[in-house]
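Written below as structure tokens is the structure these notes are about.
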Amino acid sequence: MSRPAPAAVEPGGDRDGAPPRAVELDLAFQLEPEPDAALAELQRQAGTWADAERAPLAWQELLSAWLQRLHAELPPSLQAPAYSLGLALVDDASIADLNQDWRQHPGPTDVLAFAAQEQAPALPQLLAAGEPLELGDIVISLQTAARQAQQSGQPLAEELHFLASHGLLHLLGWDHPDEASLAAMLARQEELLAGPEPRTGAG
């Protein structure tokens, strides 16, 4: 997924001008276990965003902020006060296996999103049970992200943010079967990426 030039989009927030409502996020973060020297170097280049200790909080804050900004435009079935999702940073071999198993596409890709909302219970049941709405999982190849960042001349952390925003929109029902829908989705990503930095900052 190559990053487009910035697009002009409407600012986030509720349609009536009210600030975005706060949402809670339960994030399950995972790094590829026991990286080799090359993968460990990429984790170092990614800074906070691929650091085993700091990344969970940094990603939780960033994804929560994005969910807040998207909340008002989601369908009612996805407008929950709390969400849960998984985010994994893996190597090319791991994502290639997933790409083949789930999409029947050989080789690695940059990001995969496994949406769970179709299997999720109805929102009133979630609220009654006090459980967050499960959105699914985002898997990003750190190695493919690094190659794409190098090709575009941007920091690896920015490429990871771009791919994570793309994966999140897929979990929320966005898709791009044609050029027009892809352009709209990429424009929405750019609006999210232009938002304020999370409190932890980028490494």
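Per this note's numbering, the very first residue in the sequence shown carries number 799; after that it's consecutive. C-beta atoms are modelled at their ideal positions from N, C-alpha and C, and glycine is treated no differently. Keep in mind that this is a model prediction, so the values were computed, not measured.
Within the stretch 851-895, the runs of beta strand (DSSP E) at least 3 residues long that lie entirely inside it are, in chain order, 880-888. Where L825 is concerned, the enclosing beta strand (DSSP E) starts and stops at E822 to L829. Counting only the Cα atoms, H968 lies some 19 Å from E956. When C-alpha distances from A944 are compared across F827, L829, L837 and P833, the shortest belongs to L837. For L823, the closest alpha carbon among the candidates L933, L991, Q948 and Q941 is that of L933. Every unbroken stretch of the beta strand (DSSP E) spanning 3 or more residues and falling wholly within the stretch 903-969 is given here in chain order: 909-913 and 931-939. With a contact defined as Cβ atoms closer than 8 Å, D935 and L883 qualify at about 7 Å. In the DSSP assignment, A982 falls within the unbroken alpha helix (DSSP H) covering E977 to L991.
If you ignore the 5 residues before and after L829, its C-beta comes within less than 6 Å of the C-beta of A850 and L887, all in its own chain and listed in chain order.
Burial of P906 is indicated by the presence of at least 16 other C-beta atoms within 10 angstroms of its C-beta. Counting only the Cα atoms, N897 lies some 10 Å from V937. Here the alpha carbon of E929 sits roughly 17 Å from the alpha carbon of L865.
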